[in-house]
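> Residue numbers (the working numbering): 1065 to 1142. Where is the CB? At the ideal position from N, CA and C, for every residue including glycine. This is the structure, below, for whatever I ask next.
Take a look at the structure:
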């Protein structure tokens, strides 16, 4: 985890920075259909990756527990 330490600007620097700051126009906040579709595709891809990794972990757990049952049954029979 990265830690960023930043000094507070001096009063003169703060007023200069505020005067130089540009206003953000309304177009910056507007979403087009293409933007929404792109976001949806990205989210679906992330969900697929998460689902796949969870499914793989479940299969591994089932195999592990089946092997443990086999070994415990073998020990009981001896």
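By DSSP, does residue 1095 sit in helix, in strand, or in coil?
It is coil, neither helix nor strand.
> State the Cα-Cα distance for the pair residue 1088 and residue 1095, rounded to the nearest angstrom.
Looking at the two C-alpha atoms, the distance is approximately 15 Å.
> Distance, Cα to Cα, residue 1024 vs residue 1105?
As shown, the chain starts at 1065 and ends at 1142. That puts residue 1024 outside it, with no answer to give.
> For a test of the three-state rule: what should DSSP assign to residue 1138, helix, strand or coil?
Residue 1138 falls in the helix class under three-state DSSP.
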